[in-house]
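Residue numbers for the sequence shown follow the working numbering, beginning at 449 and rising by one.
By construction, the Cβ of each residue, glycine as well, lies at the ideal position given by its N, Cα and C atoms.
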Amino acid sequence: MTLRLGDTVPNFTQASSEGEINFYDWAGDSWVVLFSHPKDYTPVCTTELGAVARLKSEFDKRGVKTIALSVDDVDSHMGWIKDIEETQNVTLNYPILADGDRKVSDIYDMIHPNSLNNLTIRTVFVIDPEKKLRLSITYPASTGRNFNEILRVIDSLQLTDNYSVATPVDWKDGDDCVIVPSITDPAELAEKFPKGYTPIKPYLRMTPQPNK
Ligand code: BEZ
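Structure representation (structure tokens):
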């Protein structure tokens, strides 16, 4: 199954390091980062899962729950979690799905056999509280992810859901934004952007971040 941006993501029930999880019930009204890794007890994955645990306060601030997945079983996850905690100096504060029967990997298309046979590659899905897919990035097994970039995109999504702006290249929270091209009426511009804006071209208008 190919999941596209804007699609409602499928629900599932699967075992995890924190017991059986019904995804929709577990997610509740939160945003979710669901991410897969190839295999327990591997070096890049160990650093990634540690990094996500370290960023918990940043995810919490944004109302985001994190959940990892590989095709290893719960016993493997439980043993590996001890290694992650020891080597990355963290407490693992989110569940790892044990997708041995590939139930979730299949419906979320996390196995790309021409890249890595029979194991999940490094997919990242950002899912909003309405269970819509908002971001999907796929990395090869050999490349560890940058989860600060995932936080940056979540900042952009949460901002642009609420204001008539988009975020330009390399934007980070607090930087100037662009006004969406559909707004051209001067009265609407004045109402929506009381801090003003700088027209560089008719289609390229910069404004201070509206909620700062
Ligand atoms: C790793 O996590 O280090 C890894 C896993 C699968 C293939 C290559 C690297």
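Check	Outcome
Straight-line Cα distance separating Pro642 from Ile631	14 Å
8 Å contact criterion, which Arg510 and Ile602 should meet: CB distance rounded	5 Å
7 Å Cβ shell around Asp576 - same chain, five flanking residues per side excluded	Trp479 and Arg582
Residues surrounding the ligand BEZ [beta-carbon distance to nearest heavy atom under 5 Å]	Pro486, Thr490, Pro491, Val492, Cys493 and Ala589
Same chain, Cβ closer than 7 Å to Val492, five either side skipped, listed in chain order	Gly592
Neighbourhood of Leu564 by C-beta, 7 Å cutoff - its chain only, sequence neighbours within 5 removed	Pro486 and Ala589
Minimum C-alpha distance to Ile544 - residue among Ile469, Leu451 and Asp618	Ile469
Whole-number beta carbon distance between Leu497 and Leu540, since they are thought to touch under 8 Å	7 Å
Delimiting residues of the beta strand (DSSP E) encompassing Tyr645	Run containing Tyr645: none; DSSP gives neither H nor E here.
Ranges of the beta strand (DSSP E) found wholly within the region 494-566, counting only runs of at least 3	512-518 and 544-546
Whole beta strand (DSSP E) elements within the region 598-653, 3-residue minimum	625-627 and 646-649
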